[in-house]
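Structure, as structure tokens:
There are 2 protein chains.
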Amino acid sequence: MVDILHKVGIKSSSPADVYKALTTLDGLSGWWTTTTTGDSSKVGGVIKFRFGNGGFDMKVRALEPDKHVLWEVVDGPVEWFGTKISWDIRQEGDWTIVFFKHMSWKEPVEFMHHCSTKWGVFLLSLKAMLETGKGEPWPNEIKLDSWEENRAAA
Amino acid sequence: MVDILHKVGIKSSSPADVYKALTTLDGLSGWWTTTTTGDSSKVGGVIKFRFGNGGFDMKVRALEPDKHVLWEVVDGPVEWFGTKISWDIRQEGDWTIVFFKHMSWKEPVEFMHHCSTKWGVFLLSLKAMLETGKGEPWPNEIKLDSWEENRAAA
């Protein structure tokens, strides 16, 4: 099992702002994908993230206000199925630090390389949303290959 | 042992352009850090990447023109010492795809989370340099915490 790990700091934000960006449809739509639906605010709720034709369904597995969010992938690409996505939030001075883990990939396949960089792109979008008021969610985020470019144009 | 993995596609580029960006001081200074010195173009050469007070020395371990570059960290933070950084380049239609691995971290420490996201920031700078002519190397890249912010201001 292998994990994607990231850490991003957001200046002049707060754990409450980050938690809101991860647990409300408004927040999630502002940095990840504009087509986010479902129930993001309760343990057991299912959030549907869509990117044109494809996407992911995440079941909310744990919520600790302003501290921790855990999702389990219950539908999506076969490589994602059963993986978990963990968010931990910590304040350090004027910076809110987000520790991110996309856990339990079976193998370090090429798609995992892609998703690692793509999570980086979206975490920088989360940072931009909270620092400037404007994120860069799908379909306007940075594209990493022709497949993504074509999907966004479809 | 754990690895940082990334994959980034660069539109309307070529394997030769990417290889040049990874093996010349001009190229490396354009996307990673403006203070890059040493010998980046020969196996056995040592490249010195500096970010204010700190930085990394990499020994070039392998070079296959337009295909592969391998560096070994011979000086730098203790967590980086002895790790290797591997670059593989592949053309897919109009996109040049770069597979990146920072291999053989002893433990998935917090600093590894940070470096994973930071590699993402610099890989997007490499992409921007080749797509637009202008990268965002240190000290002007996106900052991820107060430590980085202070180092760049020093």
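Order-wise, the sequence lines are chains A and B. Anchor point for the first sequence: position 33 equals 555 in the numbering used here, and the numbering is continuous, going up by one each time. Anchor point for the second sequence: position 45 equals 567 in the numbering used here, and the numbering is continuous, going up by one each time. Glycine included, every Cβ here is placed at the ideal spot set by N, Cα and C.
For a cut-off of 8 Å, the C-beta gap from Thr605(B) to Val595(B) is around 5 Å, short enough to register as a contact. Taking 8 Å as the upper bound for CB-CB distance, Phe578(B) and Gly598(B) are in contact here, some 4 Å apart.
Three or more Cβ pairs closer than 8 Å define a contact, and the stretch 649-662 of chain A meets that threshold against the stretch 550-565 of chain A. Distance from Trp617(A) to His528(A) at the Cβ level is roughly 15 Å; contact not present, criterion being Cβ atoms closer than 8 Å. For the 8 Å CB-CB criterion, Ser638(A) and Ile532(A) do not form a contact. Met651(B) sits in a helix when the DSSP states are folded into three classes. Between Ser534(B) and Thr545(B), the CB-CB gap reaches or exceeds 8 Å. For a cut-off of 8 Å, the C-beta gap from Val530(A) to Lys623(A) is around 13 Å, too long to register as a contact. A direct Cα-to-Cα measurement between Lys656(B) and Ile611(B) gives close to 21 Å. Positions of the alpha helix (DSSP H) runs, each at least 4 residues long and wholly inside the stretch 536-589 of chain A, are given as 537-545 and 547-553 in order along the chain. The DSSP-derived three-state label of Ser608(B) is strand. When C-beta distances to chain B are compared with 9 Å, the residues of the stretch 606-635 of chain A below that value are Glu614, Gly615, Asp616, Trp617, Ile619, Phe621, Phe622, Lys623, Pro630, Glu632, Phe633, Met634 and His635, in chain order. Counting along the chain, Trp617(A) sits inside the beta strand (DSSP E) bounded by residues Trp617 to Trp627. For Thr639(B), the residues of chain A that pass the 7 Å Cβ criterion are His528, Lys529, Val530, Gly642 and Leu645, in the order they occur in the chain. Proximity of chain B to Asp539(A) at the Cβ level (cut-off 8 Å) is not reached, the minimal Cβ distance being about 17 Å. Listed in chain order, the non-local C-beta contacts of Phe573(B) below 7 Å within the same chain comprise Thr555, Trp660 and Arg673, local neighbours out to five positions each way being set aside. When DSSP states are grouped into helix, strand and coil, Val596(B) belongs to the strand group.
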